[in-house]
Amino acid sequence: MYIMKMIPYNVHYEIGASLLMILLLCCIVGKKRLRTRSNNLFLCNVCLLIVGNLIDGLCGMINSGMITCSVHTQRLCNALDGSIYYLLIAVYVLYFLSLAYLTNYHNKQIFSMSILMVVLAAVCFVLPFLQNNSWSNGKYVFHGISVSGITEGITVVYVVSAMIYLLLHEKKMGKQKKGFFLLCNIVFVGAIGVQHMGIFSCRFVYPILAAIIFAYFLLFQSPDYYMDRLTWAFNQTAFFDILRECVQYREPANFLLVRINEYNSLLRIHQYENLAQVRSNISEILRDTGTKREATVYRIGASTFAVHCRDKEQIKRLHELFLSYLPKRWEIEDEVIKTNYCYYLLAYEGDDTSFEKLVQWIHYARSDHKSHHKQGELITLRYDIMTETERQREVLRYIEEAILDQRMEIHMQPVYSLEQDKITSLEVLSRMKDQEGNFINPEYFIHVAEENHCILKLGELIFRRACIFASQNHIFDYGIEYMNVNISPGQCQYERLTEDFVKIAAEYDIPVERIHLEITESEFQAPQAVERTLDRLRKFGMQVALDDFGTGCSTLLSILELPIDYVKIDKSLVWSYGEGGNQFLDDLMPVIKNEGKKVIAEGIETEEHIEIFRRLQGDYLQGYYYSKPLPEHEFVKYVREFNHV
1424 MYIMKMIPYN
1434 VHYEIGASLL
1444 MILLLCCIVG
1454 KKRLRTRSNN
1464 LFLCNVCLLI
1474 VGNLIDGLCG
1484 MINSGMITCS
1494 VHTQRLCNAL
1504 DGSIYYLLIA
1514 VYVLYFLSLA
1524 YLTNYHNKQI
1534 FSMSILMVVL
1544 AAVCFVLPFL
1554 QNNSWSNGKY
1564 VFHGISVSGI
1574 TEGITVVYVV
1584 SAMIYLLLHE
1594 KKMGKQKKGF
1604 FLLCNIVFVG
1614 AIGVQHMGIF
1624 SCRFVYPILA
1634 AIIFAYFLLF
1644 QSPDYYMDRL
1654 TWAFNQTAFF
1664 DILRECVQYR
1674 EPANFLLVRI
1684 NEYNSLLRIH
1694 QYENLAQVRS
1704 NISEILRDTG
1714 TKREATVYRI
1724 GASTFAVHCR
1734 DKEQIKRLHE
1744 LFLSYLPKRW
1754 EIEDEVIKTN
1764 YCYYLLAYEG
1774 DDTSFEKLVQ
1784 WIHYARSDHK
1794 SHHKQGELIT
1804 LRYDIMTETE
1814 RQREVLRYIE
1824 EAILDQRMEI
1834 HMQPVYSLEQ
1844 DKITSLEVLS
1854 RMKDQEGNFI
1864 NPEYFIHVAE
1874 ENHCILKLGE
1884 LIFRRACIFA
1894 SQNHIFDYGI
1904 EYMNVNISPG
1914 QCQYERLTED
1924 FVKIAAEYDI
1934 PVERIHLEIT
1944 ESEFQAPQAV
1954 ERTLDRLRKF
1964 GMQVALDDFG
1974 TGCSTLLSIL
1984 ELPIDYVKID
1994 KSLVWSYGEG
2004 GNQFLDDLMP
2014 VIKNEGKKVI
2024 AEGIETEEHI
2034 EIFRRLQGDY
2044 LQGYYYSKPL
2054 PEHEFVKYVR
2064 EFNHV
């Protein structure tokens, strides 16, 4: 028969702690949750604490006589109370150790600690049913020894050993979480001491644990902690927690990384709020498409998203869907934003690949590599990718040293005038060497400079070196009418480019009319800004050539719309025409001429090439038939001999 009496005041601690944990459980279950081992352990903590509080409160009322029941029921309640207590302490400690990523299957010390607590929980469950036991003043006694004292002593040793273990591996956990864990365990050990002194009739440890877990939830464990407020995908912290756990437990994982190309360039052109809306819309498309296929979406950078997939086949299917679903043109607040995307496959096979190595691959995927990968191509991140990344770092160091020392080697290639039958201009070509003295491909180091946002300084250095060469060698006295200097679309997005070039030319007494600038239309991210800069350059007296026409990026529309004076026919088009591969030049040349623009043919290597452009009424020829690019002094000697000056 059960008889209820007035509940003592101290029991309210346990009831209050239970209600607090039930409220916390509702918050966790009711929101989108990141499913990691540490989060699952946290959920176990909350559930065990609810059960432990309720059972402990029930045992307290039974032991104090507030509820009368059979001896067997009393023993069962105390058995459950002791077992859950030890299990709760084990889960609590292992949870915090899991935050330091130490609780993997290969860590024997942590594994043995968990085994110890499970054994103690089993002993506590069996003990009340053995002989030679009794209750004394509400405390369980076995062979005259207070079991509660032993329980509390073992708990203190267990918690303190976990604290020491954590201190030895402090670099594995963030400072805030580590400090919180150490402070809470000091309070926890103090609570055990208060409980041992018998100040409270309840097990005082449970309310303290409830307060600690609730505080941790508010600071670090809330589902909002892992959410990106802009896109409502999981954030970078969530992504790296998932990835780190996969590596720790050697669980295979596959991710599809999606990045907006040249996002920094877009930031300089478009309003931030509109770009933020674009990212939010992209995230919504990724989440809608991925969620239907049980994939999880993370935002891991300003312009990069990661989609966690079951396997590589799912990644390939999602890649095909994203190619169709992700727009390349957005109209937001009367502003048109053009976007392109890169796709990467990050696969962890459960092998010896380190977390740090995977992070390096991710950093590679988060930067622009348009010169090496096709738009929309699914690129697998591998070890050879890192060789490329290390090469880029090395080349970037050469670029930074060249800018710092104001040192850049330039070569000149002559340009022949069909009308005047002599060399009338030159193209300035920048050259850079590695540590072994080998030349680095100019397209490559220009690409690296663009990616690392030092193209403005590098371009200014090349322009200055060209002006110094022209001034010191008096090249305009040898029949040279102008010199061609290459610029990139990235430079044209700088508003003061024209003023800077005019100022540098004036320093060396070079008339701006003697300077022609060559630009390649390689997927302009900001065509309006480029066109404005080209217009300003022409207004100051410089002329502009569209370089590499025929490589696939430039079109007839470019010739009609861009503010240019010259069109440079790429060597691939010249060679193909010479071999009879296409007759496109027959239609192209009249269009260029009708627009009042002049033609420079590159890649001239044979008499046949020369005759082709004589017949097509070309204007200028450039290629190895006349000369390869020459160092400064060799070029001066060559042009004087060729022009008989």
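The sequence shown begins at 1424 in my numbering and counts up by one. Beta carbons: idealized from backbone N, C-alpha and C, even for Gly. Just so we're clear, the structure is a prediction, and the values are computed from it rather than from any experiment.
Item	Value
Sequence-distant residues of the same chain with beta carbon closer than 7 Å to residue 1954, five excluded per side	1985 and 1986
Residue 1694 versus residue 1883: straight-line alpha-carbon distance, rounded	27 Å
For residue 1908 and residue 1963, believed in contact at Cβ under 8 Å, the rounded distance	Actually they do not touch by this definition, with Cβ atoms about 14 Å apart.
C-alpha gap between residue 1442 and residue 1630, whole angstroms	11 Å
C-beta contact flag for residue 1936 and residue 1905 at 9 Å	yes
Residues of its chain near residue 1881, where Cβ-Cβ distance is below 7 Å and the 5 sequence neighbours each way are ignored	1822, 1826 and 1872
Cβ-based burial, residue 1991 [other Cβ within 10 Å; buried from 16]	buried
Neighbourhood of residue 1742 by C-beta distance below 7 Å, restricted to the same chain and skipping five residues each side	1679, 1766 and 1801
Contacting residues, own chain, Cβ-Cβ under 7 Å from residue 2015 (five flanking each side not counted)	1982, 1990 and 2022
Distance, residue 1664 Cα to residue 1746 Cα	28 Å
Buried versus exposed, by CB contacts within 10 Å (16 or more), residue 1601	buried
Rounded straight-line distance, which links the Cα of residue 1763 to that of residue 1853	29 Å
Which residues DSSP lists as bridging residue 1752, in chain order	1761
Simplified DSSP state of residue 1966, which is helix, strand or coil	strand
Distance between residue 1478 and residue 1651 (C-alpha atoms, nearest Å)	39 Å
Environment of residue 1720 [buried if 16+ CB atoms lie within 10 Å]	buried
Local conformation of residue 1840 per DSSP, three classes	strand
Beta-carbon proximity list for residue 1735, same chain, < 6 Å, skipping 5 on both sides	1677
Own chain residues within Cβ distance below 7 Å of residue 2068, not counting five before or after	1901 and 1902
Classification of residue 1912 by the beta-carbon crowding that lies within 10 angstroms, buried from 16 upward	buried
Residue 1956 - DSSP class collapsed to helix/strand/coil	helix
Alpha-carbon spacing of residue 1916 relative to residue 1749, whole angstroms	26 Å
Best match in 1957, 2002 and 1705 for proximity to residue 1988 [C-alpha to C-alpha]	1957
Residue 1996 beta carbon less than 9 Å from that of residue 2008	yes
Selected residue, minimal CA-CA separation from residue 1849, among 2053, 1993, 1951 and 1869	2053
Extent of the continuous alpha helix (DSSP H) run through residue 1915	1912–1915
Top-ranked residue by Cα proximity to residue 2046, from 1877, 2027, 1654 and 1711	2027
Residue nearest to residue 1692 in terms of C-alpha spacing, selected from 1454, 2024, 1463 and 1918	1918
According to DSSP, residues forming a beta bridge with residue 1721	1657 and 1729
Span separating the alpha-carbon of residue 1484 from that of residue 1494	14 Å
Nonlocal neighbours in the same chain, by C-beta distance under 7 Å from residue 1773, ignoring five residues either side	1673, 1674 and 1675
Beta-carbon contacts of residue 1928 that lie in its chain and below 7 Å, excluding the five residues immediately before and after	1890, 1935 and 1938
Residue environment, residue 1538, which counts as buried when at least 16 other CB atoms sit within 10 Å	exposed
Residue 1707 and residue 1753 closer than 9 Å at C-beta	no
Short Cβ contact (9 Å threshold) for residue 1379 with residue 1657	Residue 1379 is absent from the model: the chain starts at 1424 and stops at 2068.
Reduced DSSP category for residue 1803 - H, G, I as helix; E, B as strand; rest coil	strand
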